[in-house]
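Encoded as structure tokens, the structure appears first; notes follow it.
In this note's numbering, the protein residues as written are 197 to 483.
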């Protein structure tokens, strides 16, 4: 696995406390993505095979396992978990549209159970899941009580994995993300994200938080991908960001026009994009 170097120093401050200016309310993220599900699914990358391999290594294999997924969205992870042979996958999705469309995105037949509810409201039997995961979703939850609920749902020693793809890394050699920073001045960012970067990279905060919730054997792995995309593709990617989706139509269109113009004029339509997949894989220790 490729471990990203040069990460910013960690100071243990909760990532959501580092945002410049105000922060989006957590509940906003639960209804922002269903209005363009196909655009989201097309613009976002799947997650590296090494990540799933690491999860399987911790669980001893996913075949025949019972797993829950927090915030599956369009099923980028759901599809892979089903492909790897989980026996029962309970996907908890608060967005009505995404919950309705998830089976068409992910397939899975009887193995997939979709629950349209906020994670806090979903009924999960205690000590009944071999593993649980959350991809690009856990920052929309109240972290401490949600981790307590996760822990309670897992069998003793069960695996909990959460991860994010960070697509906008201005201080990690991502020249376009750095150049676009002035265009994002004054925007409200979601919890755990700032104009400077992504809180999923805060190793100290997440290790401490997971340990307090009763998790042990915590592995933090960062996988770095560097790619070049077109101006149209970078516009489509930025259009999936929650802090852009929530803007009024005119403001959103102007910002996306500016993003695309920057990509064409300053980068000749060949836009560098650094994607950091930051994952935390841990075990539910007996309390």
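A virtual CB, placed ideally from N, CA and C, is assigned to each residue, including glycine.
Every value quoted in this text rests on a predicted model; they were computed, and no experiment measured them.
Item to check | Run of the beta strand (DSSP E) containing residue 334, from where it starts to where it stops | outcome: Looking at the DSSP string, residue 334 is not in any beta strand (DSSP E), and its letter there is neither H nor E.
Item to check | Validate contact between the stretch 476 to 483 and the stretch 368 to 375 using beta carbons, cut 8 Å, 3 pairs | outcome: Contact fails: fewer than three Cβ-Cβ distances are below 8 Å.
Next on the checklist: Mapping the DSSP letters down to three states, classify residue 217 as helix, strand or coil.
Outcome noted: Because the pLDDT of residue 217 is 42, which lies under 50, any placement of that residue in the model is unreliable, and the question is left without a value.
Item to check | Alpha-carbon spacing of residue 349 relative to residue 338, whole angstroms | outcome: Approximately 17 Å between the Cα atoms of the pair.
Checklist entry - Does the beta-carbon distance from residue 313 to residue 273 come in below 8 Å? => result No.
Checklist entry - In terms of residues, what are the limits of the alpha helix (DSSP H) holding residue 249? => result It spans 245 to 255 - the alpha helix (DSSP H) in which residue 249 sits, taken as one unbroken run.
Checklist entry - Roughly how far, in whole angstroms, is the beta-carbon of residue 439 from the beta-carbon of residue 383, given that I think they are within contact range, below 8 Å? => result Residue 439 to residue 383, Cβ: 5 Å. Contact.
Item to check | Sequence-distant residues of the same chain with beta carbon closer than 8 Å to residue 301, five excluded per side | outcome: Within the same chain, residue 301 has close Cβ partners 233, 237, 270, 271, 274, 275.
Item to check | Within-8 Å CB hit, residue 375 to chain D | outcome: The chain labelled as chain D is not found in the depicted structure, where only one protein chain is given.
Next on the checklist: Between the alpha carbons of residue 243 and residue 411, how many angstroms are there, rounded?
Outcome noted: Between the alpha carbons of residue 243 and residue 411 lies a distance of about 23 Å.
Item to check | Ranges of the alpha helix (DSSP H) found wholly within the stretch 338 to 408, counting only runs of at least 4 | outcome: Entirely contained in the stretch 338 to 408, the alpha helix (DSSP H) runs reaching 4 residues are, in chain order, 339 to 349, 371 to 376, 399 to 408.
Item to check | With 16 other Cβ atoms within 10 Å as the buried cut-off, status of residue 466 | outcome: Answer is exposed; the Cβ neighbour count stays below 16.
Item to check | Unbroken alpha helix (DSSP H) run spanning residue 436, endpoints | outcome: In this chain, residue 436 is not harboured by any alpha helix (DSSP H), its DSSP state being neither H nor E.
Checklist entry - In three-state DSSP terms, what is residue 293? => result Residue 293 falls in the helix class under three-state DSSP.
Next on the checklist: For the structure I just gave you, are there three or more beta carbon pairs, one from the stretch 354 to 363 and one from the stretch 316 to 333, closer than 8 Å?
Outcome noted: Between the stretch 354 to 363 and the stretch 316 to 333, the count of C-beta pairs closer than 8 Å reaches three or more; the two stretches touch.
Item to check | Host alpha helix (DSSP H) of residue 235 (start-end) | outcome: Counting along the chain, residue 235 sits inside the alpha helix (DSSP H) bounded by residues 233 to 239.
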